[in-house]
Amino acid sequence: MAGEVRVFVGRFGRVALLERTPTIAEHAHAQAHALMKVSGIDTVFRVEGRDQVLDAGSVVLINPWASHAGRPLPDGATAQLLALYIAPYWFERSIQAAIALGRCRVFAAAKAPLAAEVRAAAGRMLALMRDDTAEDAELDRACEALFRSVLTQYGTADLGETARAATRPSDFRVRRAIVRMREAPGITLDIDGCAAVAGLSRSRFFELFRSCTGVSPRVYANALCIETAIELLGTTEAPIHAIAERLGFSAPGHFTRFFLQHLGSTPRAFRNGVRRCAAGTAA
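Position 2, counted from 1, in the sequence shown is what the UniProt record's numbering calls 2; the numbers after and before it change by one each time, with no gaps.
Here it is, written out as structure tokens:
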């Protein structure tokens, strides 16, 4: 991938400046997600089954564990995006678990006009990310201000009420399987083993898992794999081939392709562009 890559990991999540790849695979994650156009052509994202056009005057908003993907770009076209990942622990402790499990909708709509306040906060954050002399504390304050402006403008009126009104069921068998998945995140997913831990048949496990989380076991496992890769790339000096092997990829090239299709950056470009707040928490 060519193009500028800048990533800041702060106390409450991360902000990434990325070049949009030709195609972004269907995926989901625990963070509330917002996308803004920086330059290039307008792009299309499919969010929970509906196409949303991202242009200079809009923001695409994606709830935790909402399935989304990037529609293919025309040959030779490029687009630069600012992507926000707001971690569940930004929110009140009483609803963090509901948000992390996708049982609470942070955003009421998948697309909205780009408000002047949000545009200004994004511009400030972008300028600091491109300034190699900017201090961590300054970046973290700008990151927090950007998250706050997005949630003030587009967040649901009462997240607590939304969480209490959530319709997705919670099932101890699915929770037990998720614990198993988190113990060994990677590209290799033992569906039969997870179903056995849950005490369910394979077909019933798939059905119940999607009902409780909103995504398939594979999409959930891929999200755990990506977040583990992000953590290893940003906090260790482990060679990329070693990270690929740890996550179960048969070759580094397969890991690179997977990372690129999900995050819009190669692992090497991400590592070179990442900057973590000294007081930051992995997100």
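A virtual CB, placed ideally from N, CA and C, is assigned to each residue, including glycine.
Source: prediction; values computed, not measured.
**Report entry** Proximity of residue 45 and residue 60 at Cβ, strictly below 9 angstroms
**Finding:** Along the sequence shown, read from residue 1 onward, the residue named residue 45 stands at position 45. Along the sequence shown, read from residue 1 onward, the residue named residue 60 stands at position 60. In contact: residue 45 and residue 60 (Cβ atoms closer than 9 angstroms).
**Report entry** Among 5, 239 and 183, nearest to residue 19 - alpha-carbon criterion
**Finding:** Here residue 19 refers to the residue found at position 19 of the sequence shown. Closest by C-alpha distance to residue 19, out of 5, 239 and 183, is 5.
Report task. May I ask you to report which of helix, strand or coil DSSP gives residue 241? Result -> In the sequence shown, counting from the first residue as 1, residue 241 sits at position 241. Per DSSP, reduced to three states, the secondary structure at residue 241 is helical.
Query raised in the report: Helix or strand or just coil, what does DSSP make of residue 195?
Result: Stepping through the sequence shown from its first residue, residue 195 is reached at position 195. Residue 195: helix per DSSP, three-state reduction.
Report task. Return the CA-CA distance between residue 36 and residue 54, expressed in angstroms with no decimal places. Result -> The count along the sequence shown starts at 1 and reaches residue 36 at position 36. The count along the sequence shown starts at 1 and reaches residue 54 at position 54. Near 7 angstroms, if we compare the C-alpha coordinates of residue 54 and residue 36.
**Report entry** Secondary structure of residue 19, DSSP reduced to three states
**Finding:** The count along the sequence shown starts at 1 and reaches residue 19 at position 19. Under the three-state reduction of DSSP, residue 19 is assigned to strand.
Query raised in the report: Is the Cβ-Cβ distance between residue 219 and residue 28 less than 9 angstroms?
Result: Counted from its first residue, the sequence shown places residue 219 at position 219. Counted from its first residue, the sequence shown places residue 28 at position 28. Contact flag set, yes.
Requested in this report: Please work out which residues of its chain come closer than 6 angstroms, Cβ to Cβ, to residue 225, disregarding the five sequence neighbours upstream and downstream, and give them in chain order.
Outcome: Residue numbering aside, residue 225 sits at position 225 when the sequence shown is read from its first letter. The answer, listed in chain order, is 185, 186, 187 and 247.
Query raised in the report: Given 8 angstroms as the limit, is there contact between the segment 102-122 and the segment 60-79, that is, 3 or more CB pairs closer than that?
Result: Counting Cβ pairs under 8 angstroms, three or more are found: they touch.
Report task. Alpha carbon to alpha carbon, how far is residue 146 from residue 22? Give it in angstroms, no decimals. Result -> As a working mapping, residue 22 is identified with position 22 in the sequence shown. As a working mapping, residue 146 is identified with position 146 in the sequence shown. Going by the C-alpha atoms only, they are around 27 angstroms apart.
Query raised in the report: Is the distance from the Cβ of residue 16 to the Cβ of residue 263 below 9 angstroms?
Result: Residue numbering aside, residue 16 sits at position 16 when the sequence shown is read from its first letter. Residue numbering aside, residue 263 sits at position 263 when the sequence shown is read from its first letter. Note that the C-beta distance between residue 16 and residue 263 is below 9 angstroms.
Query raised in the report: For the candidate residues 32, 11, 10 and 71, whose alpha-carbon lies nearest to that of residue 26?
Result: As a position in the sequence shown, residue 26 is number 26, starting the count at 1. With distances taken between Cα atoms, residue 26 lies closest to 71.
Requested in this report: Can you say whether residue 251 is buried or exposed, counting buried as having 16 or more other CB atoms within 10 angstroms of its CB?
Outcome: For the purposes of this step, residue 251 is taken as the residue at position 251 of the sequence shown. Residue 251 should be labelled exposed.
Report task. Report yes or no: do three or more beta-carbon pairs, one from the segment 176-185 and one from the segment 126-140, lie closer than 8 angstroms? Result -> Result no; under three Cβ-Cβ pairs closer than 8 angstroms.
Query raised in the report: For residue 149, which residues from the same chain have a beta carbon less than 6 angstroms from its beta carbon, with the 5 sequence-adjacent residues on both sides left out?
Result: As a position in the sequence shown, residue 149 is number 149, starting the count at 1. Result list for residue 149: 117, 118 and 121, in chain order.
Query raised in the report: Would a C-beta distance cut-off of 9 angstroms place residue 84 and residue 33 closer than the cut-off?
Result: Your numbering for residue 84 matches position 84 in the sequence shown. Your numbering for residue 33 matches position 33 in the sequence shown. Yes, the Cβ-Cβ distance between residue 84 and residue 33 is below 9 angstroms.
Report task. Assign residue 118 to one of three DSSP states: helix, strand, or coil. Result -> Here residue 118 refers to the residue found at position 118 when the sequence shown is read from its first residue. DSSP, read as helix, strand or coil, puts residue 118 in helix.
**Report entry** Helix, strand or coil at residue 26 according to DSSP, with G and I counted as helix
**Finding:** Within the sequence shown, residue 26 is the residue found at index 26, counting from 1. In this structure, DSSP gives residue 26 an extended state, which the three-state scheme calls strand.
Query raised in the report: Quick one: Cα of residue 203 to Cα of residue 47, how far?
Result: If you number the sequence shown from 1, residue 203 lands on position 203. If you number the sequence shown from 1, residue 47 lands on position 47. For residue 203 and residue 47, the gap between their C-alpha atoms comes out near 25 angstroms.
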